[in-house]
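Protein chains in written order, with numbering that gives the first Met the number 0: chain A, 0 to 305; chain B, 0 to 165. Cβ coordinates follow ideal geometry from the N, Cα and C atoms, glycine included. Structure, as structure tokens:
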Amino acid sequence: MSLANLQKAVARAVMQPLTRNEHMRVVGPGGERMRRYAARYIKPNDRLTSFERLEIYNRQYWFRVLGSMAEDFPGLRKILGERRFDDRCRAYLTECPSRSFTLRNLGSRLEAWLRHNPQWVRGKEVLALDMVRLEWADIEAFDGEAEPVLRPEELDADSVSKLRLRVQPYVQLLELHYPVDDLVLQAKDDEGTNFASNAVGELRRRMKVRAVVALKPQKIFLVVHRLDFSVYFRRIEREEYSMLKALHGGKSIAGAIESAFQASSIPICDREGYVRHCFERWGALGWFCQPGARQIGSHEIGKVKV
Amino acid sequence: MPYTFEAAKITAQKLRYVRDFLEVPIAVENVSSYAEYHVSEMTEWEFLNEVVERADCGILLDVNNIYVSSQNHNFNPLTYINSVPADRVAQIHIAGHSKFEKFILDTHDHPVLDPVWKLYDRAIQRAGHTATLLEWDDRIPSFQEVHDEALRADRFLADTQLKVAV
């Protein structure tokens, strides 16, 4: 058997879901008895059978990936409750197992998976999807690519209206139906708080449930961005969101501004100042990058070398 | 990973690829393991040596991992420490582990145990004064407790320097 085939066979067993009691299943991949499957690849020793040795990896895999999902999606966990969250994560990871060299990417397909499997968040579909989008944006903003910042002197003053500005790849734009930014900040705060007293812990749990129940629909526009190695959630107005979204989509500055003020309640006389103020702020935050300065991604360099 | 010549060759090829891409020297860490494959053709330390010689890279020597694997696979951890090419050791890791009825697990949630300190002592006798990292990333106690544990490593390093000077 080749190394690749051996690794695939063991990975299939390791990534197979655990039983309800968090042990390795007795039936292995392809319906074969797991004891026989494990014995084919793994040596027993004087204390552990092949099955028991493989089970250590099977359990550790699931403990690790479920722990990682709980760290990455504390807001969704708060919405669903711990047990339901774990059940949904097991179902998600069974269909979309870890395929990346880093656990950072574990939740990359969660939004798409939930859209295809809304029964897992029945009754809370919109809220849950809003939260997943925000929590994934948080991850992308944390370590997404940053390109050289555009400096004002690099702009051609004569053709500014035709200019197409590029928004930094790490800047994430979200249009949400619930104010989930508040909820996720509270969830993160709760995660970082250790209470020695069970009574206080119980009180906190009740407060968490109340916070989710009390959350009313409210349309918000959000930028998730990074500054000095910290991620920030910044609520913006619809017009700002439209301009940034249009710029992100490749529209010229003039086109972006035009699309922003369709059906806008901002008086025409105030719009020039509004736009100037927006661009000044975004520029100061370093959200624009140099046109055509895109760095070569690692995978592209890899291809060149191969 | 089974310890076969094929696996060593592929691992070394990938290490060379990464090193050439990054254009910096790299070191690989020995794992803690809980299973052995029927197809393995050599011991873990022979495999590690085969990989680093082929890749011409450094070793990040985790002495806690050596101890964990030695208990899980019934070998003498000193044999492992004494077999590693000392001149390739770029950094050493120390950590705590958890004992279960039939195996031990690398959990990074306890102080470093005495047998691991003994292996650490032997490792720095061979490799000399080497950068050392204390890993404690679960059930983390007070800073003072972690710091005291790190300072304990300093004492071993100071003793080694003294012995070298003498």
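Practice problem: Let me know if A/A283 comes out buried or exposed under the rule of 16 or more other beta-carbons within 10 Å of its beta-carbon. | Solution: exposed
Self-check item: For A/E174: DSSP bridge partner residues
Solution: A/F220
Self-check item: Runs of alpha helix (DSSP H) wholly within the segment 235-292 of chain A (minimum 4 residues, chain order)
Solution: 237-247, 252-259, 267-283
Quiz item: To the nearest angstrom, how far is it from the Cα of B/P140 to the Cα of B/H92?
Solution: 19 Å
Quiz item: Straight-line CA distance for B/K117 to B/I25?
Solution: 27 Å
Quiz item: Are three or more beta carbon pairs between the segment 223-230 of chain A and the segment 262-275 of chain A nearer than 8 Å?
Solution: no
Quiz item: Using DSSP with H/G/I as helix, E/B as strand and the rest coil, what is B/D61?
Solution: strand
Quiz item: Nearest-angstrom Cα distance between A/R163 and A/D155?
Solution: 11 Å
Practice problem: Report the option in B/Q124, B/V111, B/E52 whose CA atom is closest to the CA atom of B/D147. | Solution: B/V111
Quiz item: Where does A/K77 land, buried or exposed, given buried means 16+ other C-beta within 10 angstroms?
Solution: buried
Quiz prompt | Beta-carbon neighbours of B/I9, restricted to chain A and to distances below 7 Å | solution = L2
Quiz item: What first and last residue would you give for the alpha helix (DSSP H) that runs through B/I25?
Solution: Counting along the chain, B/I25 falls outside any alpha helix (DSSP H), and DSSP gives it neither H nor E.
Quiz item: Quick one: is B/A34 near chain A, going by C-beta distance under 8 Å?
Solution: yes
Self-check item: Local conformation of A/L75 per DSSP, three classes
Solution: helix
Exercise. Out of A/E153, A/K250, A/W119, point me to the one whose CA is closest to A/R82's CA.
Key: A/W119
Quiz prompt | Interface positions of the segment 99-131 of chain B facing chain A (Cβ-Cβ less than 7 Å), listed along the chain | solution = K101, F102
Quiz prompt | Any 3 or more C-beta pairs closer than 8 Å across the segment 48-56 of chain A and the segment 82-96 of chain A | solution = no
Quiz item: Under a CB-based cut-off of 8 Å, is B/E5 close to chain A?
Solution: yes
Practice problem: Could you confirm whether any beta carbon from chain B is found closer than 8 Å to the beta carbon of A/L102? | Solution: no
Quiz prompt | the segment 77-109 of chain A: positions lying closer than 9 Å to chain B by Cβ | solution = none
Practice problem: Starting from A/N20, find everything on chain D with Cβ-Cβ shorter than 7 Å and list it in chain order. | Solution: Any reference to chain D falls outside this structure, whose protein chains are A and B.
Quiz item: Is there a Cβ from chain B that is less than 8 Å from the Cβ of A/K42?
Solution: yes
Quiz prompt | Of the residues A/V183, A/H247, A/D188, A/Q171, the one placed nearest A/F220, counting alpha carbons only | solution = A/Q171
Exercise. With distances taken Cα to Cα, identify the nearest neighbour of A/E139 among A/R234, A/N104, A/D129.
Key: A/N104
Exercise. Starting from B/T131, trace the alpha helix (DSSP H) both ways and give me its first and last residue.
Key: Run containing B/T131: none in the alpha helix (DSSP H); it sits in the beta strand (DSSP E), 131-134.
Quiz item: Leaving out five residues before and five after A/R270 in sequence, what residues of the same chain have Cβ atoms less than 7 Å from its Cβ?
Solution: F260
Exercise. Using a cut-off of 8 Å between C-beta atoms, extract the partners of A/L5 located in chain B.
Key: P1, Y36, V38
Quiz prompt | Limits of the unbroken beta strand (DSSP E) element including B/Q90 | solution = 88-94
Quiz item: In three-state DSSP terms, what is A/L47?
Solution: coil
Quiz item: Quick one: which chain A residues come within Cβ less than 8 Å of B/N73?
Solution: N44, D45
Exercise. May I have the straight-line CA-CA distance separating B/Y119 from B/I65, to the nearest angstrom?
Key: 10 Å
Practice problem: Taking A/L53 as the query, report the chain B residues whose CB atoms sit under 8 Å from its CB, ordered along the chain. | Solution: A34
Quiz item: When every heavy atom of the ligand ATP is checked, does at least one fall within less than 7 Å of the C-beta of A/D86?
Solution: Within the structure as shown, the ligand ATP is missing, as the structure has no ligands at all.
Quiz item: Going by Cα to Cα distance, which pick from B/D113, B/L60, B/P1, B/E100 is closest to A/K7?
Solution: B/P1
Practice problem: Inspect the beta-carbon positions of A/A136 and A/V223 and report whether they are closer than 8 Å. | Solution: yes
Practice problem: For A/Y56, go through chain B and note every residue whose CB falls closer than 8 Å to its CB, in chain order. | Solution: Y33, A34
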